[in-house]
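Going line by line, the protein sequences match chains A and B. Position one of the first sequence corresponds to residue 1 (UniProt numbering), numbered consecutively onward. Position one of the second sequence corresponds to residue 1 (UniProt numbering), numbered consecutively onward. Before any comments, here is the structure.
Protein chains: 2
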Amino acid sequence: MITLYHHPLCAHSRFVRLLLGEYGIEPQLIEENVHERRRDFLILDPAGQTPVLVEHPSTVVPGPSTIAEYFDETRGLALGKHRLLPEDPLSRIEVRRLMDWFGQKFFREVTDWLVTEKVYKRFMPRERGGGAPDMELVRAARSNIRTHMRYVSYLAGSRKWLAGDRLSYADLAAAAQLSCVDFLGDVPWEEYETAKLWYSRVKSRPAFRSLLADRLPGLSPAPVYADLDF
Amino acid sequence: MITLYHHPLCAHSRFVRLLLGEYGIEPQLIEENVHERRRDFLILDPAGQTPVLVEHPSTVVPGPSTIAEYFDETRGLALGKHRLLPEDPLSRIEVRRLMDWFGQKFFREVTDWLVTEKVYKRFMPRERGGGAPDMELVRAARSNIRTHMRYVSYLAGSRKWLAGDRLSYADLAAAAQLSCVDFLGDVPWEEYETAKLWYSRVKSRPAFRSLLADRLPGLSPAPVYADLDF
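Structure below.
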């Protein structure tokens, strides 16, 4: 059995949920508010960040890329030609490069600011940084996302999937970030038709369903969030 | 032939230099100031970050973890029992967890602030963020490093190397970060004897030599930086 400590708007957790869906695994989901620094969670993973995956009885796998590598190493061959980290070294470089691009660069320049300012700060006590959103950071993120949308359009326009001929971790990493921003209504889809067509293909996959059902108390997703014909 | 685009105080580049040293590879080093956003470098890697490794004629490998995985996949077996990413899945989780810990968490909480404030801002034009160091960030980094030193001491005190019985990427990732901070004289070695003993073992390895010879114009390393009996 697999348990995933996650948060609905943690993009890294969403990446792992998509990945598990593609492996055909339905995890037990435990929602973790990392800002609370819960003692039992810190014992599980001293870094105190979601996602943390537990494969029972006792294998603890923290962090999105370590989880992705672990699943490729233990279950990748079973996916055959649908393997999410392709076999040859050059394709693996490209998939990992894009995992870093979206999981680190896009996250740092877009998702982190939007989710922290618009959502997390509502639920955090003032002495730990909670309060009203810093609109300057929100505007910076909304400006930065355009560079990334152009890049997604470029990749999706020159390849079948973002890293090549096959769906890979790269698509899941990009879609995970975008789905968080889309929940908040901050993706300018109308200006990036090629990126939108690629995203609608990822969004239609069965692995995506549980993400589209995510709700947070007091926070409704943007109207097109769960719409497959957005 | 292998070329590495790096910067002497880029901790991620230092990790790759240590790794190459352990594989017995002496790369051609090209110093890259990423703040200049040089066109040819951005063509090589649109993320525009060091390190970027080129294996001639045409394999471009960007980013520390992608480089580490690439070398394990293409040359790991040749290292035999000295393989830097051990073979069994559980040990690989632990090594990757610690690579993330030092390469991301330690970097974000310590190295990035110290190097940016004390070094990079000197060489950057004012309109791109250059200027005097923000001493509040320097103090925060000097406070944060203590948590990490305790963690290194704990790991080094309970295992032979940071991730287990053998030297691994985890040791190189931790030493790379610490070596940058040590260059600036901001590691409180005297308070963390166990961490110091572990570091002196890594620092004595032949792979470390080129790091100890690093100099920057107008910036001398701290007195103990290159001293093996610090």
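Just so it is clear, CB atoms sit at the ideal spot from N, CA and C, and this is done for glycine as well.
Are the stretch 214 to 229 of chain B and the stretch 168 to 187 of chain B touching by the rule of at least three beta carbon pairs closer than 8 Å?
The stretch 214 to 229 of chain B, when compared against the stretch 168 to 187 of chain B, does touch it at the 8 Å Cβ threshold.
Taking the DSSP output, what are the residues bridged to Pro62(B)?
Per DSSP, Val52(B).
Can you tell me where the beta strand (DSSP E) holding Tyr5(A) begins and where it ends?
Unbroken beta strand (DSSP E) run through Tyr5(A): Ile2 to His6.
According to a CB-to-CB cut-off of less than 7 Å, which residues of the stretch 97 to 124 of chain A neighbour chain B?
Of all residues in the stretch 97 to 124 of chain A, only Arg97, Asp100, Trp101 and Lys105 come within less than 7 Å of chain B when Cβ atoms are compared, listed by chain position.
Should Leu98(B) and Ala163(B) be called a contact, given that it needs their Cβ atoms to be closer than 7 Å?
Yes, the Cβ-Cβ distance between Leu98(B) and Ala163(B) is below 7 Å.
Go ahead and pull the three-state DSSP assignment for Glu26(B).
Correct three-state label for Glu26(B): coil.
Distance check for Met124(A) and Glu31(A), CA to CA, integer angstroms please.
Approximately 16 Å between the Cα atoms of the pair.
Bridge-paired residues (DSSP) for Gly131(B)
Bridge partners of Gly131(B): none, in fact.
Taking all protein chains shown into account, do 16 or more other C-beta atoms lie within 10 angstroms of the C-beta of Asp149(A), making it buried, or fewer, making it exposed?
Reading off the sequence shown, one finds Met at residue 149(A), where the question assumed Asp. Counting of Cβ neighbours within 10 angstroms places Met149(A) among the buried residues, the total reaching 16 or more.
When the Cα of Asp112(B) is compared with those of Pro133(B), Leu84(B), Ile93(B) and Met1(B), which residue comes out closest?
Checked all of Pro133(B), Leu84(B), Ile93(B) and Met1(B); the closest Cα to Asp112(B) is Pro133(B).
Thinking just about the alpha-carbon of each residue, which of Leu172(A), Arg209(A) and Phe230(A) is nearest to the one in Glu190(A)?
Closest option to Glu190(A), Cα to Cα, is Phe230(A).
Taking the straight line between their C-alpha atoms, what separation do you get for Gly130(B) and Leu4(A)?
Each residue's alpha carbon lies about 42 Å from the other.
Where Ser13(A) meets chain B, residues with beta-carbon distance less than 9 Å:
Neighbours of Ser13(A) in chain B, taken as residues at a C-beta separation under 9 Å, are lacking, since the least C-beta distance is about 15 Å.
Locate the alpha helix (DSSP H) running through Lys196(A), then write down its first and last residues.
It spans Glu193 to Lys203 - the alpha helix (DSSP H) in which Lys196(A) sits, taken as one unbroken run.
Considering only residues of the same chain and omitting the five flanking positions on each side of Ala207(B), which have a CB-CB separation below 7 Å?
Excluding the 5 residues flanking it on each side, Ala207(B) has same chain C-beta neighbours closer than 7 Å at Leu18, Gly21 and Glu22, in chain order.
Taking Lys160(A) as the reference, give the member of Arg201(A), Glu127(A), Lys105(A) and Tyr120(A) with the closest Cα.
Considering only alpha carbons, the answer is Arg201(A).
Would the stretch 42 to 53 of chain A count as touching the stretch 81 to 94 of chain A if we require 3 or more Cβ pairs under 8 Å?
With the cut-off at 8 Å, the stretch 42 to 53 of chain A and the stretch 81 to 94 of chain A do not touch.
Output needed for Ala47(A): all residues of its chain with C-beta closer than 8 Å, excluding positions within five of it in sequence on either side, in chain order.
For Ala47(A), where only same-chain residues beyond five positions count, the Cβ hits under 8 Å are Pro62 and Gly63.
Would the stretch 165 to 175 of chain B and the stretch 101 to 108 of chain B be scored as touching if the rule is three or more Cβ pairs under 8 Å?
Yes, they touch.
Cβ distance (whole Å) where Leu84(B) is taken to contact Tyr169(B) below 8 Å:
The Cβ separation is near 5 Å, so the contact holds.
Does any CB atom of chain A fall closer than 7 Å to the CB of Val61(B)?
Proximity of Val61(B) to chain A, defined by a Cβ-Cβ separation below 7 Å, is satisfied.
According to DSSP, residues forming a beta bridge with Leu219(B):
According to DSSP, Leu219(B) shares a beta bridge with Leu216(B).
Can you give the Cα-Cα distance for Gln28(B) and Met1(B), rounded to whole angstroms?
So the two alpha carbons sit approximately 8 Å from each other.
Short check: CB of Pro57(A) to CB of Val16(A), under 7 Å?
It is not a contact, given that the beta carbons lie outside the stated cut-off.
Closer than 7 Å, CB to CB, is residue 231(B) near chain A or not?
No answer is possible for residue 231(B): the residues shown for chain B start at 1 and end at 230.
Is the Cβ of Pro89(A) closer than 7 Å to any Cβ of chain B?
Yes, because at least one Cβ of chain B sits closer than 7 Å to the Cβ of Pro89(A).
Can you say whether residue 239(B) is buried or exposed, counting buried as having 16 or more other CB atoms within 10 angstroms of its CB?
One cannot answer for residue 239(B) here, as it falls past the ends of chain B, which runs 1 to 230.
Can you give me the C-alpha to C-alpha distance between Glu26(B) and Val60(B), rounded to a whole angstrom?
Between Glu26(B) and Val60(B), the C-alpha separation is close to 17 Å.
Return the CA-CA distance between Met135(A) and Glu94(A), expressed in angstroms with no decimal places.
In this structure, the straight-line span from the alpha carbon of Met135(A) to that of Glu94(A) is close to 35 Å.
Beta carbon of Val119(A) nearer than 7 Å to that of Asn144(A):
With contacts defined by Cβ atoms closer than 7 Å, Val119(A) and Asn144(A) do not form a contacting pair.
CA-to-CA distance, Leu9(B) to Glu36(B), given in whole angstroms:
Glu36(B) and Leu9(B): Cα-Cα distance of roughly 16 Å.
Report the three-state DSSP secondary structure of Glu32(A) (helix, strand or coil).
DSSP places Glu32(A) in the coil class of the three-state scheme, outside both helix and strand.
Using the three-state DSSP reduction, which class does Gly103(B) fall into: helix, strand or coil?
In this structure, Gly103(B) counts as helix in the three-state DSSP scheme.
Just the Cα atoms here: how many angstroms apart are Gly24(A) and Arg215(B)?
Between the alpha carbons of Gly24(A) and Arg215(B) lies a distance of about 52 Å.
For Leu137(A) versus Asp186(A), is the C-beta spacing smaller than 7 Å?
Going by C-beta atoms, Leu137(A) is not nearer than 7 Å to Asp186(A).
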